[in-house]
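These notes concern the structure reproduced below.
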Amino acid sequence: MKRRGPLFGYAALGLALATGPVRVWTGEPGAGAPARGETPPAAPWAGFAVPSRLSLEAAVRLALAHHPQRRAQRGRVEAAAGRADQARRWPNPELTWSLEDGPARAGSWLGDAKHTVGVAQTFPFPGKKRLDHELARADLAVAAALEAWQQRELVREVKAAFYRALAAERFADIAAELAGVAEATATQARQRVAAGAAPRQEQLRAEIAREQARAEQAGAARDQHTTRQALATLLGGADLAGVILEGDLEPPDGPADGDTLSPADLAAHPALEVARLNRLRADRALARARLEPYPDLKLGVAGGREGIPAGQGVIEVQVALPLPLLDRARGRQREARAELAVAEAEAQTQAQALWAAGVAARERFRAAADQVRRQREQILPRAEEALRLVQLGFAEGRFALLDLLDTQRTVVETRRAYWQTVLEWHLARAELEALTQPAPTAAPPPPAQPAALNPAPPAP
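Here is the structure:
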């Protein structure tokens with residue numbers, strides 16, 4: 003076996019000092035590698051309890067606490083906070099070791115070689131660390147504003163999904179009512195044809211209407227399941243089987259609240275705050291780019307001996323200053339100026355888009371409110387009165403069974419159209435509230451229960 007000289011040992015020592023301590027796996031779990039045959043434990047599904055009667059306020063709280071996008075955004079905010087904390091830290095000092103005039107052949111001692119050990123520190127140019135910290139804090143503020151924006155949008159989506167689920171229940175009830183009427187009409191038509199009091203085509207038309215009503219009932223049941231599943235997804239994958247949705251779908255007598263809009267109503271929207279912070283960040287990035295050509299100063303001091311074993315002590319002082327001759331960061335400054343112009347244009351675009359969205363939501367709300375009022379005060383009462391007159395005329399023999407069937411379907415369609423308009427009113431109001439009102443404060447999510455107590459996750 004070939005013998006290695008002392009030069010190899012010093013090289014190994016320098017490599018160890020540069021790379022830091024090496025963690026060696028001793029065979030124990032957690033000591034650098036997993037134990038043989040051991041698999042990392044799977045995280046249990048974070049189930050949570052859903053009340054048997056779910057209100058809109060409770061649904062919003064569940065969504066803010068358990069929606070995965072909320073957890074992801076909170077993680078982004080925490081990451082930005084970590085970067086802001088790191089940006090104000092100075093670089094670590096460097097431990098240096100040098101060897102000069104060492105032996106050229108292996109196997110000999112150091113002789114008259116000079117070796118020193120010291121410390122070197124980089125001093126950033128004044129203003130650079132401050133601007134780095136300001137940039138990182140701007141990123142943190144942007145992440146927090148994006149979280150507030152996401153919170154508003156999530157509340158709006160939960161409101162829309164909740165009211166869609168309520169409307170789907172009404173549509174399912176209307177479809178069931180229409181199916182029951184069509185079934186009774188088909189039975190009555192069959193009896194009239196059997197008694198010779200009506201032609202055969204009357205029975206056929208009644209049976210066709212019955213099959214159409216059954217198909218509509220099945221479609222309404224599917225829509226009801228779909229809307230509840232969409233709401234469950236927004237609540238973080240909650241199981242809503244058997245849960246009763248509590249809420250009044252009927253709008254008030256005068257649904258006119260929220261039909262006004264001014265720029266002051268949109269001033270506190272997080273989208274404008276994000277645009278403002280992005281412009282501030284771009285301005286700070288430009289200031290930082292202007293300081294980039296100025297070099298950072300590096301100072302070092304080292305001490306050692308020249309000659310072993312009884313050499314003379316030496317002290318070395320090192321000063322390093324990069325010369326900005328080839329790279330004066332002009333490309334970075336050009337990029338920063340362009341990013342600032344982009345941020346200013348996007349801030350104006352965001353303000354205009356937000357105002358346009360507010361005007362559209364206000365007009366949508368006003369139109370739905372007028373239509374709800376007109377249907378409730380004029381169309382529905384007339385449809386009900388027409389049905390009453392046809393039923394009376396049918397009992398007196400003045401109208402045929404098919405006339406009664408058509409009138410009943412017209413009334414049911416009128417009711418369905420009314421509830422569809424009511425749903426549109428609720429959706430427009432949720433849109434306006436998301437633009438003008440801050441979302442409720444999100445409570446911290448409760449701790450996950452043990453896996454054995456968690457309900458099974460809903461099927462995809």
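Taking this note's numbering, the leading residue of the sequence shown gets 3, the next gets one more, and so forth. Yeah, the Cβ is synthetic: ideal placement off N, Cα and C, and Gly gets one too. Source: prediction; values computed, not measured.
Whether residue i touches residue j by CB criterion (9 Å)
| i | j | result |
| --- | --- | --- |
| alanine 177 | alanine 215 | yes |
| leucine 156 | histidine 69 | yes |
| valine 52 | leucine 168 | no |
| alanine 188 | glutamate 209 | yes |
| leucine 263 | valine 160 | no |
| phenylalanine 127 | leucine 301 | no |
| leucine 429 | aspartate 267 | no |
| valine 121 | glutamate 96 | yes |
| serine 57 | glycine 249 | yes |
| alanine 338 | arginine 290 | yes |
| alanine 184 | glutamate 204 | no |
| alanine 65 | arginine 72 | yes |
| phenylalanine 401 | valine 414 | no |
| alanine 232 | arginine 212 | no |
| leucine 288 | glutamine 335 | yes |
| serine 54 | valine 276 | no |
| alanine 370 | tryptophan 421 | no |
| valine 424 | proline 254 | no |
| arginine 154 | proline 440 | yes |
| threonine 412 | leucine 382 | no |
| tryptophan 357 | proline 265 | yes |
| leucine 403 | arginine 194 | yes |
| alanine 270 | valine 119 | no |
| leucine 142 | arginine 85 | yes |
| alanine 89 | lysine 131 | yes |
| glutamate 433 | alanine 355 | no |
| phenylalanine 367 | arginine 418 | no |
| arginine 307 | valine 316 | yes |
| alanine 145 | glycine 309 | no |
| glutamine 467 | glutamine 152 | What is shown of the chain runs 3 to 462, which leaves residue 467 out entirely. |
| glutamine 373 | threonine 416 | no |
Residue i, buried or exposed, once every other Cβ within 10 Å from all chains shown has been counted against 16
| i | result |
| --- | --- |
| tryptophan 92 | exposed |
| phenylalanine 173 | buried |
| glutamine 350 | exposed |
| arginine 139 | buried |
| asparagine 94 | exposed |
| proline 272 | buried |
| aspartate 87 | exposed |
| threonine 409 | buried |
| valine 319 | exposed |
| histidine 117 | buried |
| aspartate 134 | buried |
| aspartate 405 | exposed |
| threonine 229 | buried |
| arginine 166 | buried |
| leucine 206 | exposed |
| phenylalanine 125 | exposed |
| leucine 407 | buried |
| arginine 224 | exposed |
| arginine 384 | exposed |
| threonine 247 | Contrary to the premise, residue 247 reads as leucine rather than threonine in this sequence. Flag for leucine 247 reads buried. |
| leucine 17 | Interpretation of leucine 17 is limited by its pLDDT of 37, a score under 50 that renders its predicted location unreliable; the figure taken from the coordinates is listed afterwards. The residue in question, leucine 17, is exposed, as its Cβ has fewer than 16 Cβ neighbours within 10 Å. |
| glutamate 387 | exposed |
Helix, strand or coil at residue i according to DSSP, with G and I counted as helix
| i | result |
| --- | --- |
| histidine 271 | coil |
| glutamine 314 | strand |
| glutamine 439 | coil |
| leucine 391 | helix |
| histidine 135 | helix |
| valine 303 | strand |
| leucine 101 | strand |
| alanine 146 | helix |
| alanine 74 | helix |
| alanine 402 | coil |
| aspartate 225 | helix |
| arginine 281 | helix |
| glycine 84 | helix |
| threonine 262 | coil |
| aspartate 241 | coil |
| proline 383 | helix |
Chain D contact for residue i (CB, 9 Å cutoff)
| i | result |
| --- | --- |
| threonine 124 | Of the chains in the structure shown, none is chain D; there is only one protein chain. |
In DSSP terms, what residue i is bridged to
| i | result |
| --- | --- |
| glutamate 96 | Ala122 |
| lysine 116 | Glu102 and Glu308 |
| alanine 322 | Lys300 |
| arginine 55 | Ile246 |
Could you check whether the segment 276 to 295 touches the segment 330 to 340, counting it as contact only if at least three pairs of C-beta atoms, one from each stretch, sit closer than 8 Å? Under the Cβ criterion (8 Å, minimum of three pairs), the segment 276 to 295 counts as touching the segment 330 to 340.
Do the segment 341 to 354 and the segment 385 to 404 touch if we need at least three Cβ pairs shorter than 8 Å? Segments in contact, no.
Pairing CB atoms from the segment 76 to 84 with CB atoms from the segment 282 to 293, are three or more of them under 8 Å? no
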